[in-house]
Amino acid sequence: MNVIEITGLQRRYGRTDAVHDLTMSVPEGSIFALLGPNGAGKSTTLKVLLNLLSPTAGSVRVLGVDSRRLAAGERRQIGYVSEGQQLPDWMTVRQFLDYCRPFYPAWDSALEKKLMADFELPSDRKLKHLSRGMRVKAMLISVLSFRPRLLVLDEPFSGLDPVVRDEVAQGLVETARLGEWSVLMASHDIEEVERLADHIAIIDQGRLRISESVESLLSRFRRVEVTLGEGDMHPENAPVEDWLQLERSGQRVRFVDSRFSEEESNLRCRRCFPGATVSAQTMPLRDIYLSLARLGKAARTVSA
Amino acid sequence: MHLIWHIFKKDARLMRGPLAAWVGMQVTTLLIAGLMVLPMTVDSRQGSMGWDAGTGWMDWVAGGHVLFLTMTWMSAYFFAAIPLHEDAASSPEAFWRTRPIARWELLGAKLLGGFVFFILLPVLLRLPWWLAHGFNLRETALAALETGQASGAIFGLALAVACLTTSAGQFYRWTLAVVGGVAATAFLLLATRVYHPGSPTLFANGPYWAKTGMTIAVPLTLVAISQFLAPNRLRSALLVGVFLFTGTFIVTTVPVAPNLPRLKTEISADLTKIALGEGKVRVTPSSASPRTLVTLQNGELFFGPEAEHKATVYPESDFNVLAAVAKSFAQSSQLPPDTGTYDFYERQGREVFAIDEAALRTEGTLWEVEYRLSIPVAAGAEIKEGGRALRISGLVPGRADAATSQAIRGQLLLQETSPDLEVEAEARPQGFSEFYFLMTPTGAKRIMPDSVAFFTSSEVRVRTAFFPFSAEESGPLLSSGDAPASLRLVKVGLRRLGTFQTQVPVKLPAPKS
């Protein structure tokens, strides 16, 4: 079952398409990362699915309910943390949590205490006096403590120093073990996404580029290096669409195979470069993302 | 419901500082008002303190009262926006929108907060005042209603503008736009002479503006409610504009009371008996218009028996001072309007006269006409010399608007002479008369604390009056033969009103032998 189903979503700001014909789904129990550069439409997508913004076209169903009809009942199961979210800054951390608690019948005070201790938050300090990392932690406690069925995080690691980022990520991982919840996370922090997510969607210019599990993504992307032999065809004429970032340096050709499989890829290489030596290496998520981002940029340049 | 209460409590915590400041302003306003209604006497016989010297500080106090009053209501508008922006209805970034808070619950909490903080609180703060100043139950209820209307109007406007904006800065800009728009519209309507002479002016009184404010605030509140429940900023902004324009149009063009019902004020008096201590002036306004708390009370001027004060200035003759006390009289700028000035002393012999109601309806309404109901302030003296006696009354045609007058005219009348005296206009006996007035603000009566600065000193009581005849200045008072005598230079001082003087030609014929 999917906790989120997005179908043909479009959201316009004036004449600009922030999100264009987006269709994807978030499986229940997954940690789903929405990756994309700044302005890709990630935050807009999250706001639409939380009904903070209304869609121009298309539909979004969250926990089985049309996002435009999300009521208090559904919101009691959804936790949302956003870097741009307004908070009652005049409250102390303790007052803030006290304020949040009555809204959630399922509030777990023991978990709240545990998270307060784990995150080492000063309970008597006002939110406005907290560092950025502490604010994120406070927000996380306020949403994790009611054990949401769906946790939506919008750039939770943005602007955090590495230590705090690690703490927050660690907190998320540990907390995820405590409950059965799904996480949808918009980020451009690829390292943390790779560490946390099991599903990934990449959005660029409001359009969905890919959406699949991390495992699948990592397995189908390889950096391939070919040492050309005599009579091998010119690599620029290689007829394979899935080879990205093809480049030649002397007798060496490098590219990213975006649809790698041991047998199939080998076969294609032999077909193009019969005398070549081929080696394929796994790619970190960061490199995969960059390859796709460059591909999108190149496509935009061509279309422009 | 418990979530409404929970959000309300949160807002109460948020508003602790602003509310403390607001309560402070109101308490200060009430204290100043209390100071202003304290009965005070300025007696020019007490030495160097002149009329102006004795009352100049009152102007400062009154200015302070107006200042705090203005600050109180202006800050109410801006303070009201704080909890509304805390959970902005229109902001996609607002915290509440990501939490299980239904729109109606949030609206309920904000309306509850607005009612408690900005309607109930000012009413409760004024309650001791009303009770201390003799408001009965009905009047207290009316006073609470009037205060609630005024503060409710402010809250309604703040609610409408705040629910269309997402931050304080945006709220201030929209406020400027609203105020500028309303002012420009009003100016345009006035400049194009659409203005109806019967329409209220900015100087209309508090109850009027409370009601007018409510007529605009109620639809604005409805717009705000719709914005909370089904947000659409464009629609709501247009509706706010339409309602404000309509309200401005109505206020500046439509007569408030085109058909005043049964508006009549009767004044009855028998002045011939004033100097005898038996006279009584009765002012009986009646109107079917809703009475608010600053109303014209039935009033009576009592001219009591001889006062205890006696003065002997002229060695050969004693004269007794007749105390004249105006009792239980207050005035209002609201009732009744008058198309002219009725100088009481010109109306002697007429027991009752009424304001021309028809003229009132055609020439203006409640709000346009300056109220000049003449209330005589009188004092009298009796002079006996040998077998002759002269009773004399000083009549000051006091006015209900006297509180703002700088000078008023006085009239000294001979009311009665002993049978052996004849008074002729040509005679000019020299004399000097001085009136001492006790100015008692109307605070002892039903006056709203917010109106004190505008209505204090409206109750005038003549405490003592005497007619010292200065031998040095005037020569013999009661001359005989052809030697004329004159009462010259009658000085009358009214606190905060200035002094006036007049000459009264009196000729006293020679006593019959």
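First to last, the sequence lines map onto chains A and B. In this text, residue positions in the first sequence follow my numbering: the first is -16, and each later residue adds one. In this text, residue positions in the second sequence follow my numbering: the first is -6, and each later residue adds one. Cβ atoms here follow ideal geometry from the backbone N, Cα and C, with glycine treated the same way. Values in this document were obtained by computation on a predicted structure and should not be read as measured data.
Exposure label - residue i; buried when at least 16 CB within 10 Å
i         : result
Ser126/B  : Before going on, a small fix: residue 126/B reads as His here, not Ser. The residue is buried, with at least 16 neighbouring Cβ atoms inside 10 Å.
Arg9/B    : exposed
Asp80/B   : buried
Ser160/B  : exposed
Met(-6)/B : exposed
Arg(-6)/A : buried
Ala46/B   : Legend: pLDDT at Ala46/B = 38, less than 50; position of this residue unreliable, value from coordinates given subsequently. Ala46/B is exposed by the Cβ-count criterion.
Phe180/B  : exposed
Tyr87/A   : buried
Asn34/A   : buried
Leu130/B  : exposed
Lys96/A   : exposed
Lys111/A  : exposed
Arg254/A  : exposed
Glu230/A  : exposed
Minimum Cβ-Cβ distance from residue i to chain B less than 8 Å
i          : result
Trp73/A    : yes
Tyr87/A    : yes
Leu35/A    : yes
Lys30/A    : yes
Gln68/A    : yes
Arg58/A    : yes
Tyr82/A    : yes
Tyr63/A    : yes
Ala55/A    : yes
Glu(-12)/A : no
8 Å Cβ cutoff, residue i in contact with chain A
i         : result
Ala95/B   : yes
His(-1)/B : yes
Pro115/B  : no
Phe110/B  : no
Pro512/B  : The question about residue 512/B has no answer, for chain B in this structure spans -6 to 506.
Ser83/B   : no
Arg166/B  : no
Phe221/B  : no
Lys3/B    : yes
Arg226/B  : no
Ala87/B   : yes
Thr140/B  : no
Leu100/B  : no
Val35/B   : Because the pLDDT of Val35/B is 43, which lies under 50, any placement of that residue in the model is unreliable, and the number read from its coordinates should be weighed accordingly. Not one chain A Cβ lies under 8 Å of Val35/B.
Asn198/B  : Confidence is the limiting factor: at Asn198/B the pLDDT is only 45, short of 50, which leaves the residue's position unreliable, though a coordinate-based value still follows. Cβ-Cβ to chain A under 8 Å: no for Asn198/B.
Spatial distance of residue i from residue j (CA atoms)
i         : j        : result
Gly233/A  : Ile271/A : 24 Å
Leu123/A  : Glu157/A : 13 Å
Leu227/B  : Lys3/B   : 30 Å
Val239/A  : Asp225/A : 8 Å
Leu32/A   : Ile183/A : 17 Å
Leu136/A  : Met168/A : 5 Å
Leu62/B   : Ser83/B  : 32 Å
Val233/B  : Ala153/B : 7 Å
Lys25/A   : Gly116/A : 21 Å
Lys120/A  : Arg84/A  : 16 Å
Val16/B   : Thr158/B : 26 Å
Val304/A  : Ile25/B  : Since the first and last residues shown for chain A are -16 and 287, residue 304/A lies out of range.
Glu103/A  : Lys109/A : 15 Å
Ser37/A   : Ser65/A  : 18 Å
Ala152/A  : Ala16/A  : 13 Å
Gly(-3)/A : Leu23/B  : 53 Å
Boundaries of the beta strand (DSSP E) in which residue i is found, first to last residue
i        : result
Asp101/A : Counting along the chain, Asp101/A falls outside any beta strand (DSSP E), though it belongs to the alpha helix (DSSP H) covering Ser92 to Phe102.
Arg235/A : Arg235 to Asp240
Phe15/A  : Ile14 to Leu18
Val207/A : Arg205 to Thr210
Glu98/B  : Segment Arg96 to Phe108 is the alpha helix (DSSP H) holding Glu98/B; no beta strand (DSSP E) there.
heavy atom of the ligand COA below 7 Å from residue i C-beta
i        : result
Val135/A : The ligand COA is not among the ligands present in this structure, which contains no ligands whatsoever.
Unbroken alpha helix (DSSP H) run spanning residue i, endpoints
i        : result
Trp226/A : Careful: Trp226/A lies outside any alpha helix (DSSP H), inside the beta strand (DSSP E) at Trp226 to Ser232.
Pro11/B  : Arg9 to Met29
Met7/A   : Careful: Met7/A lies outside any alpha helix (DSSP H), inside the beta strand (DSSP E) at Thr(-1) to Pro10.
Gln142/B : Leu130 to Leu157
Glu124/B : According to the sequence provided, residue 124/B is Leu. The question's Glu does not apply to it. Per DSSP, Leu124/B belongs to the alpha helix (DSSP H) from Leu114 to Ala125.
Arg251/A : Glu245 to Cys255
Please list the segments of the beta strand (DSSP E) lying wholly inside the segment 130 to 177 of chain A, counting only runs of 3 or more residues, in order along the chain.
133 to 137 and 165 to 170
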